[in-house]
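Counting with our numbering, you get residues 5 to 249 for the letters of the sequence shown. Don't be surprised by glycine CBs; every beta carbon is placed ideally from N, CA and C.
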Amino acid sequence: MAGHSKWSNIKHRKAGQDAKRAKVFTKIIRELTVAARDGGGNIEDNPGLRTIVDKAKASQMPKDTMERAIARGAGGDDGVELVPLTYEGYGPGGVAVLVETMSDNRNRTVAEVRHAFSKAGGNLGTDGSVAYMFDRKGQILFEPGTSEDDVMEIAIESGADDVETEDDGSITVSTMADDYLAIKDALVSGGFEPAASEVAMIAQNYNELDVDMGEKVLRLVDALEDLDDVTNVYTNANFPGELMS
């Protein structure tokens, strides 16, 4: 998000995850299992798995829970065939929305996602209707007070696309998806532990919202994130700061 909203949005989302930790764990376990099934259980040889392990650690998932999910996926004995599916649509105010899911029942998942859109005043679109507005990128965020010059030096030398200092002093390092882990490792080795980091679908341009419309879009995002099959929700909404506090 533009301006101060990146850091505020991370804090807002983390607070929501803390309140729904059991559901968050269930979603991450699915991602770990599928990543291990598709690419093997060794995180050194499976960058996708390592990215999800980092996500699990950030959510404070117990180590043994992670290891069981990875072992189940790598062993191929999870008993349920989960398939990644992405849905696209528009929320209130014409906000573009991408919804990533892990599903064992396509019909159930699409029905639940469609209902969430309709109830919130949006509509589910066709494949390709909004995906072109997003790029898959790495984002590495640092809290206000972090040395901008030092972070920028390491990030640029490591091949980062951009380093942006927000209005509140927080720093966002943007990377190509394939370069994300190497650049994050370089920053950590340089003594800079991120406050948050992920590979995500990042909007090319943002839709500025007022408080009323922002609340409506947040209701849609919350409804989608509450669905068991949904793993990630991305929008091109730039929410007012007062909604992110």
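Assuming residue i and residue j make a contact with CB atoms under 8 Å, what is their CB distance in whole Å?
i: Thr179; j: Lys141; result: 6 Å
i: Asn127; j: Tyr94; result: 6 Å
i: Val177; j: Ala164; result: 5 Å
i: Gly52; j: Gly44; result: Gly52 to Gly44, Cβ: 10 Å. No contact.
i: Phe146; j: Ile175; result: 4 Å
i: Ala227; j: Ala120; result: 4 Å
i: Leu89; j: Thr69; result: Not a contact, Cβ separation roughly 24 Å.
i: Gly202; j: Lys59; result: Just to set this straight, residue 202 is Glu in the shown sequence, not Gly. Correct: roughly 6 Å between the Cβ atoms.
Between the C-alpha atoms of residue i and residue j, what's the straight-line distance to the nearest angstrom?
i: Pro244; j: Ala204; result: 21 Å
i: Asp232; j: Glu48; result: 29 Å
i: Glu170; j: Arg41; result: 39 Å
i: Ala200; j: Asp172; result: 16 Å
i: Pro148; j: Asn109; result: 43 Å
i: Asp230; j: Glu104; result: 13 Å
i: Met5; j: Ala181; result: The pLDDT assigned to Met5 is 33, lower than 50, so where the model puts this residue is not dependable; a value taken from the coordinates is nonetheless given after this. If you take the alpha carbons of Met5 and Ala181, they lie about 18 Å apart.
i: Ser122; j: Arg76; result: 36 Å
i: Ser133; j: Val117; result: 16 Å
i: Gln143; j: Arg72; result: 28 Å
i: Val167; j: Val155; result: 8 Å
i: Val215; j: Val225; result: 15 Å
i: Gly195; j: Ala186; result: 15 Å
i: Met217; j: Gly125; result: 11 Å
i: Val57; j: Val192; result: 16 Å
i: Thr150; j: Glu197; result: 10 Å
i: Thr37; j: Gly79; result: 10 Å
i: Ala159; j: Gln208; result: 21 Å
i: Gly129; j: Phe29; result: 29 Å
i: Asp183; j: Glu152; result: 20 Å
i: Val87; j: Ala115; result: 16 Å
i: Glu3; j: Asp131; result: Only positions 5 to 249 of the chain appear in the structure, and residue 3 is not among them; the question remains open.
Let me check one thing: in DSSP terms, what residues is residue i bridge-paired to?
i: Gln143; result: Ser178, Glu202
i: Asn211; result: Ala241
i: Tyr136; result: Tyr136 is not bridged to any residue.
i: Val103; result: Tyr91, Val237
i: Thr169; result: Ile175
Which class does residue i belong to by DSSP, given the choice of helix, strand or coil?
i: Ala164; result: coil
i: Tyr184; result: helix
i: Ala39; result: helix
i: Met156; result: helix
i: Pro66; result: coil
i: Val114; result: helix
i: Leu53; result: helix
i: Ser151; result: coil
i: Leu128; result: strand
i: Phe196; result: coil
i: Glu229; result: helix
i: Ser9; result: With a pLDDT of 47 at Ser9, under the threshold of 50, the modelled position of that residue is not reliable, and the figure given next carries that caveat. Of the three classes helix, strand and coil, the one that applies to Ser9 here is helix, per DSSP.
i: Gly32; result: With the sequence shown as reference, residue 32 is identified as Ile, and Gly is not the correct amino acid for it. Note: Ile32 maps to helix in three-state DSSP.
i: Glu219; result: helix
i: Glu48; result: coil
i: Asp108; result: coil
i: Leu191; result: helix
i: Leu86; result: coil
message = Does the stretch 92–106 come into contact with the stretch 234–241, if we say contact requires no fewer than three beta-carbon pairs (one atom in each stretch) closer than 8 Å?
response = Contact holds: three or more Cβ-Cβ distances are below 8 Å.
Stretch pair the stretch 25–37 + the stretch 59–77: three plus CB contacts closer than 8 Å = Contact holds between the stretch 25–37 and the stretch 59–77, because three or more Cβ pairs, one in each stretch, are under 8 Å apart.
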